[in-house]
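> Chains A and E, in that order, give the protein sequences.
Taking full-length UniProt numbering, I'd label the letters of the first sequence as residues 1 to 109.
Taking full-length UniProt numbering, I'd label the letters of the second sequence as residues 1 to 109.
Take a look at this one; I'll ask things after.
Number of protein chains: 2
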Amino acid sequence: MEEANGVVKHVVLAKFKEETTSDQIDEIIKAFANLVTLIEPMKSFQWGKDVSIENLHQGFTHIFESTFEGTEGVAEYVVHPAHVEFANFFRCHLDEVLVIDYKPTFLRS
Amino acid sequence: MEEANGVVKHVVLAKFKEETTSDQIDEIIKAFANLVTLIEPMKSFQWGKDVSIENLHQGFTHIFESTFEGTEGVAEYVVHPAHVEFANFFRCHLDEVLVIDYKPTFLRS
Numbered sequence: 001m002e003e004a005n006g007v008v009k010h011v012v013l014a015k016f017k018e019e020t021t022s023d024q025i026d027e028i029i030k031a032f033a034n035l036v037t038l039i040e041p042m043k044s045f046q047w048g049k050d051v052s053i054e055n056l057h058q059g060f061t062h063i064f065e066s067t068f069e070g071t072e073g074v075a076e077y078v079v080h081p082a083h084v085e086f087a088n089f090f091r092c093h094l095d096e097v098l099v100i101d102y103k104p105t106f107l108r109s
Numbered sequence: 001m002e003e004a005n006g007v008v009k010h011v012v013l014a015k016f017k018e019e020t021t022s023d024q025i026d027e028i029i030k031a032f033a034n035l036v037t038l039i040e041p042m043k044s045f046q047w048g049k050d051v052s053i054e055n056l057h058q059g060f061t062h063i064f065e066s067t068f069e070g071t072e073g074v075a076e077y078v079v080h081p082a083h084v085e086f087a088n089f090f091r092c093h094l095d096e097v098l099v100i101d102y103k104p105t106f107l108r109s
């Protein structure tokens with residue numbers, strides 16, 4: 001197995017509040033994606049809705065993954081004004097959130 | 001934003017039992033990675049330890065991501081004898097587990 005050089009993946013799981021509408025969720029996703037254009041160390045963004053069949057999602061419905069070059073990049077992102085502004089908006093709509101960062105070690109078939 | 005054609009990402013977060021040793025965790029990771037060679041629809045595997053700084057990991061310490069071609073691939077994996085055997089072994093060492101599957105929509109800078 002190889003470790004991808006320096007890359008850190010920042011994974012956010014979200015459970016939205018009951019009163020948050022799907023239009024508001026769409027707005028949040030667009031604002032999240034837009035951070036790539038505003039925050040230099042944020043290199044990519046992807047997201048999706050849970051489609052799992054094992055019933056182990058613990059109520060989380062959305063996942064967001066962004067990549068950074070190194071943990072310093074994540075640290076810069078966390079305090080960046082564009083992220084702080086987005087996070088305040090995002091947080092208003094969250095019932096629960098879970099964040100994991102990791103340096104992926106990978107294997108392909 | 002584009003949707004990666006047919007790809008499903010299968011994300012597993014784990015919190016191991018206190019009594020599980022780091023050697024046992026290494027053994028679990030090798031066995032998980034080895035499923036790529038045994039289960040045809042499982043296309044790739046990566047994993048990492050949490051290095052997040054926001055203290056929102058909710059006690060989860062490890063993340064495992066595998067990819068599949070379509071949700072049928074995940075369904076085939078879940079019931080595959082090699083996965084069932086691995087999952088029984090993995091579960092013995094788990095304090096908590098969370099699973100999310102998603103079809104990634106992505107954006108690159």
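Where is the CB? At the ideal position from N, CA and C, for every residue including glycine.
So, at 7 Å on beta carbons, what are the nonlocal neighbours of K30(E) in its own chain, with the 5 sequence-adjacent residues on each side left out?
Closer than 7 Å at the Cβ level, and outside the excluded window around K30(E), lies no residue.
> Smallest Cα separation from V12(A): which of M42(A), N55(A), E65(A), F86(A)?
Out of M42(A), N55(A), E65(A), F86(A), E65(A) has the C-alpha closest to the C-alpha of V12(A).
> Whether or not the region 31 to 46 of chain E and the region 66 to 74 of chain E are in contact is what I'm after, with contact meaning three or more pairs of Cβ atoms, one per stretch, closer than 8 Å; do they touch?
Yes, the region 66 to 74 of chain E is in contact with the region 31 to 46 of chain E.
> Rounded to whole angstroms, what is the Cα-Cα separation between K9(E) and G73(A)?
K9(E) and G73(A): Cα-Cα distance of roughly 24 Å.
> Which whole-angstrom value is the C-beta distance of V99(A) and E54(E), which I expect to be below 8 Å?
With 8 Å as the limit, V99(A) and E54(E) qualify as a contact, their Cβ atoms being about 5 Å apart.
> Which first and last residues belong to the alpha helix (DSSP H) in which S22(E) is found?
22 to 38 is the span of the alpha helix (DSSP H), which, as asked, contains S22(E).
> In angstroms with no decimal places, state the Cα-to-Cα distance between F89(E) and I28(E).
Approximately 8 Å, taken between the alpha carbons.
> By the criterion of Cβ-Cβ separation under 7 Å, what are the contact partners of residue 146(A) in chain E?
Beyond the ends of chain A as shown, which are 1 and 109, falls residue 146(A); an answer cannot be given.
> Can you list, in chain order, the residues of its chain with a C-beta nearer than 7 Å to that of R91(A)? Leave out the 5 residues immediately preceding and following it.
Excluding residues within five positions, none has a Cβ falling inside 7 Å.
> Per DSSP, what kind of secondary structure is E54(E) in: helix, strand or coil?
E54(E): coil per DSSP, three-state reduction.
> Could you tell me how far apart the beta carbons of F16(A) and F86(A) are, in whole angstroms, since I believe they sit closer than 8 Å?
That pair is no contact at about 15 Å.
> Which residues mark the beginning and the end of the alpha helix (DSSP H) in which H83(E) is found?
Residues 81 to 92.
> Which one of L38(A), T20(A), G6(A) has the shortest CA to CA distance from V79(A)?
Nearest option by C-alpha distance: L38(A).
> Can you confirm whether L94(A), when its beta carbon is compared against all beta carbons of chain E, has any partner nearer than 8 Å?
Not one chain E Cβ lies under 8 Å of L94(A).
> Thinking Y102(A) and D101(E) are a contact (beta carbons under 8 Å), I'd like their distance in whole angstroms, please.
The pair is not a contact, with the Cβ atoms about 18 Å apart (cut-off 8 Å).
> Would you mind reading off the limits of the beta strand (DSSP E) that contains K103(A)?
K103(A) -> no beta strand (DSSP E), and no H or E assigned at all.
> Compute the beta-carbon to beta-carbon distance between E76(E) and P104(E), rounded to the nearest angstrom, for a pair I have assumed lies under 8 Å.
Between P104(E) and E76(E) the Cβ distance is about 20 Å, and since that is not below 8 Å, they are no contact.
> Is the CB-CB distance between T20(A) and H93(A) below 8 Å?
It is a contact, given that the beta carbons lie within the stated cut-off.
> For G48(A), go through chain E and note every residue whose CB falls closer than 8 Å to its CB, in chain order.
The answer, in chain order, is K9, Y102, K103, P104, T105.
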